[in-house]
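Remarks on the structure that follows.
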Amino acid sequence: EAGVTQFPSHSVIEKGQTVTLRCDPISGHDNLYWYRRVMGKEIKFLLHFVKESKQDESGMPNNRFLAERTGGTYSTLKVQPAELEDSGVYFCASSQFQYGYTFGSGTRLTVV
Amino acid sequence: QKEVEQNSGPLSVPEGAIASLNCTYSDRGSQSFFWYRQYSGKSPELIMFIYSNGDKEDGRFTAQLNKASQYVSLLIRDSQPSDSATYLCAVSLSGTYKYIFGTGTRLKVLA
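This is how it looks when you write it as structure tokens:
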């Protein structure tokens, strides 16, 4: 089975620009998650979709971040406008049940 | 106090030895516990999960959970250089699918 796919793998943007990250989960996985790791820190939860609905968005840092999941399939995470502190690795994961996510390889975002 | 704490390492062990990785957590409502392995620049990969007190074995890996003491550990027997990676401990609270991660322990297995 195909794994969790994330695009792009790297993105370098200027402060104030917009960036959209995409995640394609494993087919059939209703649960999709976004996490972020900033340098030197732990991986932190951003939000959780069940199908197309946001189940938990308690980790979203502010309203510059917008996540969507079209038709319960792929998901996008938009950062607008990007700030320097948004730099980090953004991971997407999916799961069928609660036990054990499968992570994507991440998008490394650098805001300069 | 961090919610999930791990020693950052590096933990260096000789090839063939047992590597012991530890993790403590602060929330007694934590229900499920996960160990992920992450090679540099790669995605975290699930090794094991455990939710009952005691030991759970899978091949060379054993996860140990002690809820009273709020710690979870991972033992790697017969360590191989290919086991060299960062090991992430994650916990989830009862009723949630959200994981709280530690910062990870870097393991180096010396040939």
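Residue numbers (my numbering), protein chains in the order written: chain R, 206 to 317; chain E, 1050 to 1160.
Heads up, the beta-carbon is just placed ideally off N, CA and C, and yes, glycines get one too.
Note that this is a predicted model, so its numbers are computed, not measured.
Three-state secondary structure (DSSP) of residue i
i         : result
R:Gly293  : strand
R:Ser299  : strand
E:Thr1152 : coil
E:Pro1130 : helix
R:Gly221  : coil
E:Thr1145 : coil
R:Gly264  : coil
R:Thr278  : coil
E:Gln1055 : coil
R:Glu247  : coil
E:Pro1063 : strand
E:Tyr1088 : coil
R:Glu231  : Checking the sequence, you will find Ile at residue 231 of chain R rather than Glu. The answer is coil: DSSP assigns R:Ile231 none of H, G, I, E or B.
E:Ala1068 : strand
R:Lys256  : coil
Contacts around residue i, its chain only, beta-carbon distance under 7 angstroms, and the 5 residues preceding and following it disregarded
i         : result
E:Ser1069 : Ser1122 and Leu1124
E:Ser1061 : Lys1157 and Leu1159
E:Thr1171 : Residue 1171 of chain E lies beyond the residue range present for chain E, which begins at 1050 and ends at 1160; the question has no answer from this structure.
E:Lys1116 : Asn1102
E:Leu1095 : Phe1083 and Tyr1085
E:Thr1145 : none
Residue-level contact to chain E via CB, residue i, 9 angstroms cutoff
i        : result
R:Lys283 : no
R:Val217 : no
R:Gly245 : yes
R:Asp261 : yes
R:Thr307 : yes
R:Phe212 : no
R:Tyr295 : no
R:Ile248 : yes
R:Asn318 : In the structure as shown, chain R begins at 206 and stops at 317. Residue 318 of chain R is therefore absent and cannot be evaluated.
R:Tyr279 : no
R:Ser232 : no
R:Ser258 : no
R:Gln222 : no
R:Ser292 : no
R:Ser300 : yes
R:Gly264 : yes
Nearest-angstrom Cβ-Cβ length linking residue i and residue j, presumed shorter than 8 angstroms
i         : j         : result
R:Phe296  : R:Ile248  : 7 angstroms
E:Leu1159 : E:Gly1078 : The Cβ separation is near 39 angstroms, so there is no contact.
R:Pro286  : R:Thr225  : Rounded, the Cβ-Cβ distance is 13 angstroms, inconsistent with contact.
R:Phe270  : R:Val209  : No, R:Phe270 and R:Val209 are not in contact; Cβ-Cβ is about 19 angstroms, not under 8 angstroms.
R:Tyr306  : R:Arg227  : The Cβ separation is near 18 angstroms, so there is no contact.
R:Lys256  : R:Asp235  : 5 angstroms
Neighbourhood of residue i by C-beta, 6 angstroms cutoff - its chain only, sequence neighbours within 5 removed
i         : result
E:Pro1059 : Arg1155 and Lys1157
E:Asp1104 : Thr1111 and Gln1113
Below-9 angstroms beta-carbon distance, residue i vs any chain R residue
i         : result
E:Glu1094 : yes
E:Gly1153 : yes
E:Lys1091 : yes
E:Thr1145 : yes
E:Ala1139 : yes
E:Phe1110 : no
E:Val1158 : no
E:Lys1116 : no
Cβ shell of residue i (< 8 angstroms), same chain only, five flanking positions each side left out
i         : result
R:Glu262  : Leu251, Leu252, His253 and Ala272
R:Ser292  : Val243, Met244, Leu314, Thr315 and Val316
R:Gly233  : Gln301
E:Pro1093 : Tyr1085, Arg1086, Gln1087 and Leu1137
Inter-stretch contact at 8 angstroms, needing at least 3 Cβ pairs: the segment 1125 to 1133 of chain E / the segment 1144 to 1154 of chain E: The segment 1125 to 1133 of chain E, when compared against the segment 1144 to 1154 of chain E, does not touch it at the 8 angstroms Cβ threshold.
Segment contact, 8 angstroms Cβ cut-off, at least three pairs: the segment 1134 to 1150 of chain E with the segment 1080 to 1087 of chain E: Yes: at least three Cβ pairs fall under 8 angstroms.
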